[in-house]
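For the sequence shown, the positions run 3 to 396 when the numbering used here is used. Presented below is the structure to which this report refers.
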Amino acid sequence: MREAESGRIVTLDALRGIALFGILFVNLFSFGADSIAWSSVSDRSVWLVKHILFESKFWGLYSILFGMSFYLFMRSARFSYRALGRRLIILFLFGAIHALIFEGDILMLYAEVAVLLLLLHGISSRWLFVLVIALCMSFPLGHFIQPDRDADSLPESVVEAERWLTEDRADDVRVYGTPSEILLAHTDFIPEVFWADFQYPDSGLVVLAFFLIGYLMARSDVLQSGRYPAHLKGRLLIGCWLLGLLLMVFEQAVLRPLGYSAFSESLSTREVTLLGDMIYLLATLLLTAAWFLTVQRCAEQGRFPSVINTLARAGRMSLTLYLSQTLIFTTIFYGYGFDQAYRLGPGQVFLLAVSIYAVQLVFASLWFRWFCTGPLEWIWRMGTHGQREAIQRQ
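Okay, structure coming up:
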């Protein structure tokens, strides 16, 4: 377990840092880039990379990290149930403010589901593992039992998809609305009803499963350097990448032509849909693990130290950077800003994600020259412990 100068775990911070890019990249597709109207080879290739390597994998990674941090916080010298309660309330408030701007907020969901984690954390590891399986299965079984999940239908042609993009621009309050109208429209997303979307792979129940995975990993000292043989972890890493990628390729090459879709309306038979959901779920678990193990291996073995340290600095202020990402891309996409919603395809969205993320990495590196914690992290910490905390380097 490698530790930063402040006692923070470098591996966890680096993982948070890379998760920020994955979450940003996927969030940017919320403004029309998922449409098949973007039919060039480059655009479809970027979409496939997003779907196979990033979609679901990075909120999954971030959720695992949250579960691990939950365990570490409960083991810390400053832990108390009152402090934990304040910590979750403040997180919920951050999320509620965030949701007024962007409906893709995850902070409210995290705060709500963390209450369930608090109720469950004392259960034995064996029963928590059983619960993880049950919660994960809520997605494929829920979709099988209730196949009509009011999902978006898919256009039948590129021409129809282009027409839908035009109609979406005309109908979306984020495009034509004033800031106050956008805020008012987004009040519908507060609070997060975490059980309402149980037929989807990113439901609150599956998020709780990933929380529990992270909690179990921290409980088993998975971050302890030398805890497990390096050659076994290396084989596991390769196995997770290979099997996860094979399953995602199968989902796209075999099941998608049969009408299967993990998020949109699935036009395949219920049996094919169940198979597709099971494959997507397993691939998500494997590729999330692959990302985790890759960063952990690089951090533990001292590979690419400058990259790991840069990612870790971003991870140390992940709350600040996560929320600032939204301020940046909503200004770019919303009508009161640069009005680019439904105008950018996958390739352009990828370049935008890289540009925003690069600026954030530079900002984080500069910030920590003078400060020891991020600005919103500082507020969160003071609210948690009920006392003033240092923010400037001594």
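Ideal Cβ placement from N, Cα and C applies to all residues, glycine included.
- Bridge partners of PHE373 according to DSSP: GLN394.
- Following the DSSP letters along the chain, one finds GLY106 in no alpha helix (DSSP H), marked with neither H nor E.
- The Cβ atoms of ALA264 and GLY278 sit closer than 9 Å to each other.
- Comparing C-alpha distances from ARG46 to each of ALA163, ILE147, TYR262, GLY347 shows the shortest one belongs to GLY347.
- Distance from the CA of VAL132 to the CA of GLU114, rounded to the nearest whole angstrom, comes to 21 Å.
- Of the candidates VAL134, TRP243, ASP154, ALA16, the residue whose Cα lies closest to the Cα of ASP170 is ASP154.
- C-alpha of ALA360 to C-alpha of THR271: approximately 43 Å in a straight line.
- Between ARG315 and LEU363, the gap from beta carbon to beta carbon is short of 9 Å.
- Here the segment 347-357 lies against the segment 26-45, with 3 or more beta-carbon pairs under 8 Å apart.
- Between HIS100 and THR375, the gap from beta carbon to beta carbon reaches 9 Å or more.
- With contacts defined by Cβ atoms closer than 9 Å, VAL28 and LEU111 do not form a contacting pair.
- Under the three-state reduction of DSSP output, THR168 falls in the helix class.
- In the DSSP assignment, THR189 falls outside any alpha helix (DSSP H) and carries neither an H nor an E.
- Inclusion of ILE310 and VAL12 in the CB contact set at 9 Å is warranted, their separation being smaller than that value.
- Under the criterion of beta carbons closer than 8 Å, TYR217 and HIS145 do not qualify as touching, at roughly 26 Å.
- Per the C-alpha coordinates, the member of PHE60, VAL117, GLN148 positioned closest to THR275 is GLN148.
- Counted as a single uninterrupted DSSP element, the alpha helix (DSSP H) harbouring PHE75 occupies residues 59-77.
- In this model, PHE56 and ALA85 are separated by some 34 Å (Cα to Cα).
- Counting C-beta pairs closer than 8 Å gives fewer than three between the segment 52-68 and the segment 89-99, which falls short of the contact rule.
- Excluding five sequence positions before and after GLU164, the CB atoms of its chain that fall closer than 6 Å to its own CB belong to ALA39, given in chain order.
- CA-CA distance, PHE306 to HIS233, rounds to 20 Å.
- DSSP places GLN226 outside both helix and strand once states are collapsed to three, so it counts as coil.
- Excluding the 5 residues flanking it on each side, TYR336 has same chain C-beta neighbours closer than 6 Å at ARG176, in chain order.
- Between the alpha carbons of LEU22 and TRP129 lies a gap of roughly 31 Å.
- The Cβ atoms of PHE294 and LEU17 lie closer than 9 Å to each other.
- A direct Cα-to-Cα measurement between ARG229 and ASP223 gives close to 7 Å.
- Shown here, PRO307 sits in a helix according to DSSP, grouped into three states.
- ILE25 and ALA79 have their alpha carbons spaced roughly 31 Å apart.
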